[in-house]
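Undergrad: Just remember that the working numbering sits 70 ahead of the position in the sequence shown, which is counted from 1. Before I ask anything, here is the structure I am working with.
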Amino acid sequence: MEFLDDLTHQRLPLFLLFASFTVTFVVTRVITRLIRAGKGPFKNNVSDGLHVHHMVPGLALMIVGAFISVGVNGVEPGASISAVLVGIGASLVLDEFALILRLQDVYWSREGQLSVQVVALTVAALGMVILGFNPFNVEADVEFGPIAFALTAPINIAAAIFCVVKGKYSTAIVGVFIPIFAWSGAIRLARPKSPWARRRYSPEKLAKATARAQKFDHRWGRRGLSIGDWIAGAPTDDPVDRAVREKPTDETGDALAS
Numbered sequence: 071m072e073f074l075d076d077l078t079h080q081r082l083p084l085f086l087l088f089a090s091f092t093v094t095f096v097v098t099r100v101i102t103r104l105i106r107a108g109k110g111p112f113k114n115n116v117s118d119g120l121h122v123h124h125m126v127p128g129l130a131l132m133i134v135g136a137f138i139s140v141g142v143n144g145v146e147p148g149a150s151i152s153a154v155l156v157g158i159g160a161s162l163v164l165d166e167f168a169l170i171l172r173l174q175d176v177y178w179s180r181e182g183q184l185s186v187q188v189v190a191l192t193v194a195a196l197g198m199v200i201l202g203f204n205p206f207n208v209e210a211d212v213e214f215g216p217i218a219f220a221l222t223a224p225i226n227i228a229a230a231i232f233c234v235v236k237g238k239y240s241t242a243i244v245g246v247f248i249p250i251f252a253w254s255g256a257i258r259l260a261r262p263k264s265p266w267a268r269r270r271y272s273p274e275k276l277a278k279a280t281a282r283a284q285k286f287d288h289r290w291g292r293r294g295l296s297i298g299d300w301i302a303g304a305p306t307d308d309p310v311d312r313a314v315r316e317k318p319t320d321e322t323g324d325a326l327a328s
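Below, the structure is given as structure tokens:
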């Protein structure tokens, strides 16, 4: 395959990281769904009454992989081995991102779908880098390429940070590669439950942001949640989850145009 032929010494570790990250997420979700359904040979990882979440070995693998990566300084096969370890570890950790963020076991709740969103965004970002999108490329074909980069990079990064603070995580990731999305997200209304909206919006402006979020979620949010349910498994259908499901999906319903 032409793509595999183009995997240079520098790009191979990145491709292995991408592949190991993606495969690990799929395998992890298959295993956890089998455990949830009580099928197959897999059981909850419990030691002396303590449930060990898979982010724990994931964190260990990331640390080991990072140490190896620094130690080998890009020399093979160490670079590829470290890339695989980091990919597996990062996937295990991000699969429980919502748990880390909330300090609660929300893996099978609607809030837990935030982990799926983060993993999907990470896969998209890695895929774009593999395909050649480099947001920090200063080798432009124009005379003042490096100067233009030095002037625009802080603005683009600031816009992406604004998107994160405004609860627009997808926009932030895409905006790193395509800055116009970050600019648009930074100047538009924040998601109603974002830190920016809670701290800076008046009741009238917050109501406007809520109405816009509800309008978007009514049109597009259900589709995103359905895809997330198909990939990661539907959340536990308890009264609390049903109440959450009726509200605008701030973390899991991020919109590029909201």
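Built from N, CA and C at the ideal position, the CB exists for glycine as well.
When burial is assigned at 16 or more other CB atoms within 10 Å of the CB, is N143 buried or exposed?
TA: Working through the sequence shown from its first residue, we reach residue 143 at position 73. It counts as exposed.
Undergrad: Could you give the residue range of the alpha helix (DSSP H) that holds G245?
TA: Stepping through the sequence shown from its first residue, residue 245 is reached at position 175. Note, G245: alpha helix (DSSP H), 239 to 247.
Undergrad: Assuming S161 and T94 are in contact, meaning their beta carbons sit under 8 Å apart, how far apart are those beta carbons, in whole angstroms?
TA: Walking along the sequence shown from the start, residue 161 turns up at place 91. Walking along the sequence shown from the start, residue 94 turns up at place 24. About 4 Å separates the two Cβ atoms, so the contact holds.
Undergrad: Between A283 and chain C, is there a C-beta pair that is closer than 7 Å?
TA: You won't find chain C in this structure, because it holds only one protein chain.
Undergrad: Quick check: what's the CA-CA separation for K263 versus A279?
TA: The sequence position of residue 263 within the sequence shown is 193, counting from 1. The sequence position of residue 279 within the sequence shown is 209, counting from 1. Computed Cα separation, rounded: 9 Å.
Undergrad: Quick one: give me the first and last residue of the alpha helix (DSSP H) that W266 is part of.
TA: Translated into the one-based positions of the sequence shown, residue 266 becomes position 196. Run containing W266: 265 to 270, per the alpha helix (DSSP H) assignment.
Undergrad: For V189 versus L164, is the C-beta distance shorter than 7 Å?
TA: To locate residue 189, count along the sequence shown from 1; it is residue 119. To locate residue 164, count along the sequence shown from 1; it is residue 94. Yes, they are a contact pair.
Undergrad: Between the alpha carbons of K238 and G148, how many angstroms are there, rounded?
TA: Against the sequence shown, residue 238 aligns to sequence position 168. Against the sequence shown, residue 148 aligns to sequence position 78. Those two C-alpha atoms are separated by around 37 Å.
Undergrad: Expressed to the nearest angstrom, what Euclidean distance is found between the alpha-carbon atoms of P111 and R99?
TA: Walking along the sequence shown from the start, residue 111 turns up at place 41. Walking along the sequence shown from the start, residue 99 turns up at place 29. Near 15 Å, if we compare the C-alpha coordinates of R99 and P111.
Undergrad: Since V199 and L84 are thought to touch, with beta carbons under 8 Å apart, how far apart are those beta carbons, to the nearest angstrom?
TA: Along the sequence shown, one-based indexing puts residue 199 at 129. Along the sequence shown, one-based indexing puts residue 84 at 14. That belief holds up - the Cβ atoms of V199 and L84 are roughly 7 Å apart, short of 8 Å.
Undergrad: For A194, tell me which candidate among S139, A229, A242 has the shortest Cα-Cα distance.
TA: Residue mapping note: residue 194 aligns to position 124 of the sequence shown, counting from 1. Taking only the C-alpha atoms, the option nearest A194 is A242.
Undergrad: Just reading off the alpha helix (DSSP H) that A304 is part of, what are its end residues?
TA: Residue numbering aside, residue 304 sits at position 234 when the sequence shown is read from its first letter. Careful: A304 lies outside any alpha helix (DSSP H) and carries neither H nor E.
Undergrad: For the alpha helix (DSSP H) that contains E274, what are its first and last residues?
TA: As a position in the sequence shown, residue 274 is number 204, starting the count at 1. That run of the alpha helix (DSSP H) goes 273 to 286.
Undergrad: Which residues in the same chain have their Cβ closer than 6 Å to the Cβ of H123, if we skip the five residues on either side of it in sequence?
TA: In the sequence shown, counting from the first residue as 1, residue 123 sits at position 53. Answer for H123: E166, listed in chain order.
Undergrad: On the three-pair Cβ rule with 8 Å, is the stretch 153 to 160 touching the stretch 125 to 143?
TA: Segments in contact, yes.
Undergrad: Looking only at its chain, what residues have a beta carbon closer than 6 Å to the beta carbon of F232, apart from the 5 residues adjacent to it on each side?
TA: For the purposes of this step, residue 232 is taken as the residue at position 162 of the sequence shown. Answer for F232: A256, listed in chain order.
Undergrad: From A229 to A107, what does the alpha carbon distance come to, in whole angstroms?
TA: Within the sequence shown, residue 229 is the residue found at index 159, counting from 1. Within the sequence shown, residue 107 is the residue found at index 37, counting from 1. For A229 and A107, the distance between alpha carbons rounds to 43 Å.
Undergrad: Using a Cβ-Cβ cut-off of 6 Å (strictly less than) and excluding sequence neighbours within five positions of A44, which residues of its own chain qualify?
TA: With the chain running from 71 to 328 in the structure shown, residue 44 is simply not present.
Undergrad: Can you tell me the Cα-Cα spacing of P127 and L276, whole angstroms?
TA: The sequence position of residue 127 within the sequence shown is 57, counting from 1. The sequence position of residue 276 within the sequence shown is 206, counting from 1. Going from the Cα of P127 to the Cα of L276 covers about 41 Å.
Undergrad: Is L191 near L155, with beta carbons less than 7 Å apart?
TA: Here residue 191 is taken as the residue at index 121 of the sequence shown, counted from 1. Here residue 155 is taken as the residue at index 85 of the sequence shown, counted from 1. Their beta carbons are not under 7 Å apart, which means L191 does not touch L155 by this criterion.
Undergrad: Taking the beta carbon of E181 as the centre, do at least 16 other beta carbons fall within 10 Å, making it buried, or is it exposed?
TA: Here residue 181 corresponds to residue number 111 of the sequence shown, with the count starting at 1. The residue in question, E181, is buried, as its Cβ has 16 or more Cβ neighbours within 10 Å.
Undergrad: Could you spell out where the alpha helix (DSSP H) holding F85 opens and where it closes?
TA: Mapped onto the sequence shown, residue 85 falls at position 15. Counting along the chain, the alpha helix (DSSP H) containing F85 begins and ends at 81 to 107.
Undergrad: Suppose the cutoff is 6 Å on Cβ atoms and the five residues either side in sequence are ignored; what does the same chain contact list for A327 look like?
TA: Taking the sequence shown and counting its residues from 1, the one referred to as residue 327 is at position 257. Low per-residue confidence applies at A327: pLDDT is 43, beneath 50, and the placement is therefore not dependable enough to give any value.
Undergrad: Leaving out the 5 sequence neighbours to the left and right, which residues in its chain are closer than 6 Å to W253 when beta-carbon positions are compared?
TA: Here residue 253 refers to the residue found at position 183 when the sequence shown is read from its first residue. Correct list, in chain order: A229.
Undergrad: Cutting at 7 Å between CB atoms, please list the residues of its own chain near F203, excluding the five before and the five after it.
TA: Mapped onto the sequence shown, residue 203 falls at position 133. Cβ within range, chain order: F247.
Undergrad: I need the DSSP call for P147, collapsed to helix, strand or coil.
TA: For this step, residue 147 is matched to residue 77 along the sequence shown. Three-state result, P147: coil.
Undergrad: Considering only residues of the same chain and omitting the five flanking positions on each side of D211, which have a CB-CB separation below 6 Å?
TA: Here residue 211 refers to the residue found at position 141 of the sequence shown. Any reading at D211 must be qualified, since the residue scores a pLDDT of 46, below 50, and its modelled position is unreliable; no value is offered.
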